[in-house]
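A.B. asks: Can you read through this structure? Questions will come right after.
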Amino acid sequence: MSVGVSTPSPRIVWEILFVFRQQAELESQKQQHLNQVKKLKEETGKLQTHMDTLDTVNEWRLKENSQNASLYSFLYDTVFLQLVFPDSDGSGPEAAAAEQRLSDIVFSLHLDGERSHDHARLVHTLVSQFVAGESAWVEKYPTRGDVPKLLHDVSLVVSRCRLLGEELRLLKMWGAMRLHILSLTCTDTRVHVVFSSLKAFLKFKVAFSVSVAGPVYHLEVESFQSIIGETSIQQIQDVVASFTPSRNLLTKICRKIHQTLLC
């Protein structure tokens, strides 16, 4: 006697198909979520790369931040800028936050003068002169909305001073071999350079005064001393006058002095 196989009812078939369909939809949603997570990770990685790049470009770092004060640092945590805001109960609209007025802008410089290099001291002296030269910081940058411009303007000057310090360091390293620089020292805002060439039988000392105006620095011949030979201060002044303020200005001047007088 044969045993018949019962056919599942339409309801059971429908329930099975419904379960399969739900599983397929869940798998599809799972894959979509995985794709979204992957995309977010990629975007996060790109954003982090941009932030890292921005950190290398920015001259400032935010050290502390609260409702009533912010502290920024420059030059490897040796120059600090503190922004002070009046007390607030926090009940104002967010749209008015940018108009919150500053009550004080305070700069402080922290450099170990005895242990630091002379070119680092020159850089800090220039930054200090820049800060002292602006007597009305709060009037110039009165609100929280002006802080980005404040940071930008300070960064321009700090960047120029920092690059000058790096330029001086490099000139000390290879100037003797390439440009006949016997010595290079810095005092206050002056750079003293001694040039010496056996081939040209010349030796002289030049003192350049350095000043910062906006995003560039300027050089002027402050004093000159001919030690061996007949080089004149006018020759040095003519070299300096042939250049406009630009990056690596001192290096360009020293190179031209080397090419025109010492070779």
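In terms of full-length UniProt numbering, the sequence shown has 57 at position 57, counting the first letter as 1, and numbering is strictly consecutive.
Glycine is no exception: its CB is placed at the ideal position from the N, C-alpha and C atoms.
(1) If we cut at 8 Å on Cβ distances, does residue 101 have a partner in chain D?
(2) Nearest-angstrom Cα distance between residue 156 and residue 27?
(3) Using the three-state DSSP reduction, which class does residue 297 fall into: helix, strand or coil?
(4) Would a C-beta distance cut-off of 8 Å place residue 182 and residue 194 closer than the cut-off?
(5) What residue ranges within the stretch 7 to 71 form continuous alpha helix (DSSP H) runs of no fewer than 4 residues, ordered along the chain?
(6) Label residue 130 either buried or exposed according to how many other C-beta atoms from any shown protein chain fall within 10 Å of its C-beta, with 16 as the threshold for buried.
(7) From residue 10 to residue 30, what does the alpha carbon distance come to, in whole angstroms?
(8) Buried or exposed: residue 231, going by 16 or more other Cβ atoms within 10 Å of its Cβ?
(9) Relative to the C-alpha of residue 302, which candidate in 101, 77, 34 and 35 has its C-alpha closest?
(10) Going by DSSP in three states, residue 187 sits in which element: helix, strand or coil?
C.D. replies: Straight from the coordinates:
(1) Checking the listed chains, one finds no chain D in this structure; it contains a single protein chain.
(2) Start at 1 with the first residue of the sequence shown, and residue 156 comes out as number 156. Start at 1 with the first residue of the sequence shown, and residue 27 comes out as number 27. Rounded to the nearest angstrom, the two C-alpha atoms are 54 Å apart.
(3) Residue 297 lies beyond the residue range present for the chain, which begins at 1 and ends at 263; the question has no answer from this structure.
(4) As a working note, residue 182 is residue 182 in the sequence shown. As a working note, residue 194 is residue 194 in the sequence shown. Yes, they are a contact pair.
(5) 10 to 57
(6) Translated into the one-based positions of the sequence shown, residue 130 becomes position 130. With 16 or more Cβ atoms within 10 Å of its Cβ, residue 130 is classed as buried.
(7) Within the sequence shown, residue 10 is the residue found at index 10, counting from 1. Within the sequence shown, residue 30 is the residue found at index 30, counting from 1. If I take the Cα positions, the gap works out to 30 Å.
(8) Translated into positions along the sequence shown, residue 231 becomes position 231. Under this definition residue 231 is a buried residue.
(9) The requested residue 302 does not occur in the structure, where the chain is confined to residues 1 to 263.
(10) Residue numbering aside, residue 187 sits at position 187 when the sequence shown is read from its first letter. Residue state, collapsed to three classes: strand.
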